[in-house]
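K.L.:
Protein sequences, first through last, are from chains G and W.
The opening residue of the first sequence carries number 65 in the working numbering; numbering runs sequentially from there.
The opening residue of the second sequence carries number 557 in the working numbering; numbering runs sequentially from there.
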Amino acid sequence: MSEISEIAIAAAIIIGGIFILVGGYGLVKLDNPMSRLHAPTKAGTLGVGSILVASSINAFATGSGSLNEMLIMAFLFVTAPVSAHFIAKVAIHRGRIHDELPPCGEDDDWATKSDDVGASPPPDTPNHPQTEGSKA
Amino acid sequence: MIAYALTFGFAAVGIAQLLSLWRLLRGPGSGDRVLALDTISLNAVALIVLYGIAQNTQVYFEAALLIAMVGFISTVAYARFILRRDVIE
Chain G
65 MSEISEIAIA AAIIIGGIFI LVGGYGLVKL DNPMSRLHAP TKAGTLGVGS ILVASSINAF
125 ATGSGSLNEM LIMAFLFVTA PVSAHFIAKV AIHRGRIHDE LPPCGEDDDW ATKSDDVGAS
185 PPPDTPNHPQ TEGSKA
Chain W
557 MIAYALTFGF AAVGIAQLLS LWRLLRGPGS GDRVLALDTI SLNAVALIVL YGIAQNTQVY
617 FEAALLIAMV GFISTVAYAR FILRRDVIE
């Protein structure tokens, strides 16, 4: 293994470790649920991406190079905003922070709270009427 | 040099896991607990990949990919259950 790839792997591992450590520390240190959401979803994802880059460089430097790690990285980078969005919806609907939400402009309420999608479960309707006939 | 970096990486990710575990046990709201579980699964992926670098093998790639997928799906399922009291409608 050449010197340059060794330095690159070590630097990527250290940068990823620092990012993950900052994400975990922010998860404990910050005092607001919405602020707490920022720390792991951005810093943690970047840290895991950096460690995956280190693993990919290691695979190329030791011969059997493959882009397997890029698959995990693409999956994580696509799914991290989706899970963060869901957790933010949980914090808005269940976290009793409605008084702290900023005004939403021209609408009556924030879109995630205005519809029947949200805090109160919908009334207990059994099924769609179309599926009733096909089930029999 | 990689050995020292791996030691630092294992320590940093392990400390981050412990901090997330503290938030999981302590968190005032259910959203915080779901966020802590999501972070724990993300850091578990990092730990597995670091172990793969330390052992210089590619065997643990499938385990990392599976934990990433299961972590995302469980996060969405937990959040949806808290929001709607139902996962699959």
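Beta carbons: idealized from backbone N, C-alpha and C, even for Gly.
As the structure is a prediction and not an experimental result, all values here were calculated from the model.
#1: Cβ of VAL605/W within 8 Å of Cβ of LEU116/G?
#2: Tell me whether the beta-carbon of ALA602/W lies closer than 8 Å to the beta-carbon of SER576/W.
#3: Going by C-alpha distance, which of GLY169/G, SER128/G and ALA155/G is nearest GLY583/W?
#4: Could you tell me which of PHE617/W, ALA633/W and PHE628/W sits nearest to MET134/G, measuring between CA atoms?
#5: Rounded to whole angstroms, what's the CA-CA distance from GLY113/G to PHE83/G? Just pull it up for me.
#6: What's the call for ILE79/G, buried or exposed, on a 16-neighbour Cβ count within 10 Å?
#7: Quick check on GLU618/W: does DSSP put it in helix, strand or coil?
#8: Determine the direct distance from the alpha carbon of LEU598/W to that of THR143/G, and round the result to whole angstroms.
#9: Between the beta-carbon of ARG579/W and the beta-carbon of VAL86/G, is there less than 8 Å?
#10: Going along chain G, which residues have a C-beta under 9 Å from VAL601/W?
#11: Please decide whether LYS177/G counts as near chain W, where near means a Cβ-Cβ distance under 8 Å.
#12: Hey, would you say PRO97/G sits closer than 8 Å to GLY585/W, going by beta carbons?
#13: Could you compute how far the alpha carbon of ILE558/W sits from the alpha carbon of LEU94/G?
#14: For PRO145/G, count the other beta carbons within 10 Å of its own beta carbon; 16 or more makes it buried, fewer makes it exposed. Which is it?
#15: So which residues on chain G does VAL643/W lean against when the C-beta distance must stay under 9 Å?
#16: Have a look at LEU621/W and ASN132/G and give me their C-alpha separation to the nearest angstrom.
P.N.:
This is what the structure holds:
#1: Yes, these two residues count as a Cβ contact at 8 Å.
#2: No, they are not a contact pair.
#3: Ranking GLY169/G, SER128/G and ALA155/G by Cα distance to GLY583/W puts ALA155/G first.
#4: Just measuring C-alpha positions, the residue of PHE617/W, ALA633/W and PHE628/W sitting nearest MET134/G is PHE617/W.
#5: So the alpha carbons of these two residues sit roughly 10 Å apart.
#6: Per the 10 Å Cβ criterion, buried.
#7: Helix, per DSSP.
#8: The alpha-carbon separation between THR143/G and LEU598/W amounts to approximately 11 Å.
#9: No; because the gap between Cβ atoms is not below 8 Å, this pair is not in contact.
#10: Against chain G, the beta carbon of VAL601/W has neighbours under 9 Å at VAL112, ILE115, LEU116, ILE136 and LEU140, listed in chain order.
#11: With 8 Å as the cut-off, LYS177/G does not count as an interface residue toward chain W.
#12: Cβ atoms of PRO97/G and GLY585/W: closer than 8 Å.
#13: Between ILE558/W and LEU94/G, the C-alpha separation is close to 33 Å.
#14: When all chains shown are included, PRO145/G counts as exposed.
#15: The premise fails here: VAL643/W is roughly 12 Å from chain G at the closest Cβ pair, so nothing lies under 9 Å.
#16: In this structure, the CA atom of LEU621/W is about 9 Å from the CA atom of ASN132/G.
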